[in-house]
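Top line first, the protein sequences correspond to chains A and B. Those letters in the first sequence? Residues 426 to 730, by this note's numbering. Those letters in the second sequence? Residues 357 to 559, by this note's numbering. Where is the CB? At the ideal position from N, CA and C, for every residue including glycine. These figures come from a predicted structure and were not determined experimentally.
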Amino acid sequence: MRPVGRPWSRALRTGVLALVLAVVALVVPNSSVAPTYFTLVKYEHAEGIDTDPDVIWILAVGSDARRGQDPLRSRGDTLQLIGMDTRTGAATTIGIPRDSWVAIPGYGSNRINAALFFGGPQLMGEAVAGLIGIEPDYVFVTSFWGLEQIAKDVGPITVDNPAAFSDEYLKPKGFPAGKVVLKGYNVVSFGRIRKTLPGGDFDRSANQQRVLKGFQAKVAENADKAGWIERGVLSVMDNVDTNLAPAELYRIAQAIAQVDPKKITNCVVQGGIGNIGGASVVLPNTDAAKRYGDDARNDANIKSC
Amino acid sequence: MRSWPGRPTRAAVLAVPTVLGLVLSLGGCSGDDDGEPSAERSRDGSSTTSTPGIETKVEVGEVVGALPKGPAGDVARDVAAVVDGWLDAAYVAGDFPRTDFGDAFPGFTEGAAKLAARQRSLMSNAAVGDRVDGVTATRRLVRVDVLAPRGEPAGATAHVNLVIELTGDVDRTDQVRGRLLLTPAKSGWRVFGFDIERGEVRG
């Protein structure tokens, strides 16, 4: 049975409790406010990254290799040429549809994604240079599972999805329009789905750019956390084939962190659908591709797509 | 495009647990002929060197890669020596009033020094040096995160927290905090980038 106390003793207990709480409130600092020695009145910010050259070009290649296959000798199905101007914080991404029919040095003409199969990252870079007019300084090649692991290591990213879409095999529940938080596998499927998008591979390429933008924002957001960039670099080394030394990769990671989101431009090389030898291909707008390259070569900025 | 050297060897090293708790106290001026700081080790493994004014407290932050505790501490010490060189040359050392800050960025790459010089009002005391009689550091903390794939140091982030009291026509307390970014070179660790903020603080 619940004991019933006398009114005066209950009042005493209440009073003691109030006194204790009052003392605690005075003695123990509010846990929501971190103790500080100083109050920062105002501050200004300085930043900079020294790279050589000032404008860095990276070709990011998503290989379509399956488990057991060599990612460096499969088809390059994701092709994004990324430029960063470390003087200004500008960055641009030029997406290239995988079926673009182009000249591949030493192999005649073919779909551009075949360059990786024919000659590895070196030839892949040369084929892209032939279309855009910019030779990448570095080539990154990753696989579906490599990207998924990086996405897991980095943590959730946010993309701005212009229209809902789904895929019965890759993502039956689909992705809603608007701000979407992606983790692990969903990062891969967001950038992989093609068949259900109105613009097919052109739209997919744009989605891949949204993923890259999400990664950049994540890097910038976490750059000042202890060891975060270092762990990210190690994850990339574990999951990406690249011709970069670790120190170079570290510099690039820091450069990515200092990209100004307001100075990011993205374009996808457009084109028409053609038929060559019975195969459906993209006939890229080579004039536009060259213009993107000319626009961005020296400052990583494209005025308009 | 850089030539592709064939399939590169993937790093097989996974992130190792964070190395925390090793605290070194170092100063930037050792007096050694080769410019290396001379550390005096204490029983708990920390070390100190004497320097004019307050000593810099150096902490080993996160070590990513298979680098043992001892070498990680060595990296932190070497990186901190570079950072200390900048803190002294840019903010603390010299005869005040001071107008010459041309040598404010020792240990920076040429490009990084140019970038810093363009922002010298934050990256040094250039904006106030001629109106200051004295500078006293009351806090000098450097925490060093290390990237060391396969046990080889390849990059370091130095988290800096400096508090200086300025006296003279300009009489105030400033805090300089943020990150210096370094990679190893033949001549030692070099600063290739920075992300620093500076502000007035009131106690």
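#### Entry: Reference arginine 635 (chain A), options A:Ala648, A:Phe615, A:Gly625 and A:Asp626, closest by Cα
A:Phe615
### Query
What are the start and end residues of the beta strand (DSSP E) that includes glutamate 521 (chain B)?
511 to 524
### Task
Use the C-beta contact count for glutamine 494 (chain A): other C-beta atoms within 10 angstroms, 16 or more gives buried, fewer gives exposed.
exposed
### Message
Please list, in chain order, the chain E residues whose beta carbon lies closer than 7 Å to that of tyrosine 468 (chain A).
### Response
The structure shown has no chain E; the protein chains it does contain are A and B.
### Query
Quick one: any contact between the segment 624 to 634 of chain A and the segment 519 to 536 of chain A, if contact means 3 or more CB pairs under 8 Å?
yes
### Query
Between asparagine 668 (chain A) and leucine 541 (chain A), what straight-line distance do the alpha-carbon atoms span, to the nearest angstrom?
15 Å
### Query
Which value, in whole angstroms, describes the spacing of the CA atoms of aspartate 530 (chain B) and arginine 495 (chain B)?
11 Å
### Task
Specify whether the segment 636 to 653 of chain A and the segment 547 to 558 of chain A touch according to this definition: at least 3 beta carbon pairs, one from each stretch, less than 8 Å apart.
no
### Task
Kindly list, in the order they appear in chain A, the residues whose Cβ is closer than 7 Å to that of glutamate 418 (chain B).
Ala651, Gly652 and Glu655
### Query
Beta-carbon separation of valine 500 (chain B) and alanine 512 (chain B) under 7 Å?
yes
### Query
Hey, is glycine 473 (chain A)'s beta-carbon within less than 7 Å of any beta-carbon in chain B?
yes
### Any chain A beta carbon closer than 7 Å to glycine 467 (chain B)
yes
### Listed by chain order, chain B residues near valine 612 (chain A) by CB distance under 7 Å
Chain B residues near valine 612 (chain A): none, gap ~20 Å exceeds 7 Å.
#### Entry: CB contact check: threonine 461 (chain A) to chain B, cutoff 7 Å
For threonine 461 (chain A), the predicted structure reports a pLDDT of 47, less than 50, and the residue's modelled location is therefore unreliable. The matter cannot be settled from this model.
#### Entry: C-beta contact flag for leucine 556 (chain A) and alanine 714 (chain A) at 7 Å
yes
### Message
What does DSSP give as the partner residue(s) for asparagine 710 (chain A) in the beta ladder?
### Response
Looking at the DSSP assignment, asparagine 710 (chain A) forms no beta bridge with any residue, so it has no partner.
### Message
Counting beta carbon pairs with one atom in the segment 419 to 433 of chain B and one in the segment 447 to 459 of chain B, are three or more of them shorter than 8 Å?
### Response
no
### Query
For the alpha helix (DSSP H) that valine 491 (chain B) lies in, which residues bound it at each end?
No alpha helix (DSSP H) contains valine 491 (chain B), which is instead part of the beta strand (DSSP E) from 488 to 503.
### Message
DSSP three-state label for aspartate 666 (chain A), please.
### Response
strand
### Message
Given this structure, state the Cα-to-Cα distance separating proline 587 (chain A) from alanine 436 (chain B), to the nearest angstrom.
### Response
47 Å
### Task
Just confirm the distance between the C-beta atoms of aspartate 592 (chain A) and threonine 621 (chain A), as a whole number of angstroms; I'd bet it's less than 8 Å.
5 Å
### Task
Taking methionine 479 (chain B) as the reference, give the member of B:Val557, B:Ile552, B:Arg506 and B:Ala432 with the closest Cα.
B:Ile552
### Query
When the Cα of glycine 524 (chain B) is compared with those of B:Lys413, B:Phe452 and B:Leu471, which residue comes out closest?
B:Phe452
### Message
Please return the same chain residues whose Cβ sits closer than 6 Å to the Cβ of valine 644 (chain A), not counting the five positions on each side in sequence.
### Response
Ile681 and Ala682
#### Entry: Short Cβ contact (7 Å threshold) for valine 420 (chain B) with glycine 652 (chain A)
yes
### Query
Is the segment 462 to 474 of chain B touching the segment 441 to 450 of chain B in the sense that three or more CB pairs, one from each, lie closer than 8 Å?
yes
### Task
Using the Cα positions of alanine 516 (chain A) and proline 581 (chain A), report the straight-line distance between them to the nearest angstrom.
22 Å
### Message
Determine, for glycine 458 (chain B), whether the minimum Cβ-Cβ distance to residues of chain A falls below 7 Å.
### Response
no
### Query
Do glutamate 655 (chain A) and glycine 609 (chain A) come within 7 Å of each other at the CB atom, strictly closer than that value?
no
#### Entry: Option in B:Val557, B:Gly549 and B:Pro509 with minimal Cα separation from arginine 528 (chain B)
B:Val557
### Task
Can you say whether histidine 470 (chain A) is buried or exposed, counting buried as having 16 or more other CB atoms within 10 angstroms of its CB?
exposed
### Task
Count the CB pairs spanning the segment 704 to 711 of chain A and the segment 522 to 541 of chain A that are closer than 8 Å, and state whether there are at least three.
yes
### Query
Under a CB-based cut-off of 7 Å, is glycine 511 (chain B) close to chain A?
yes
### Task
Below 7 Å between beta carbons is the criterion; list the residues of the segment 488 to 501 of chain B that meet it against any residue of chain A, in chain order.
Asp501
### Query
Between which two residues does the alpha helix (DSSP H) harbouring lysine 643 (chain A) extend?
625 to 647
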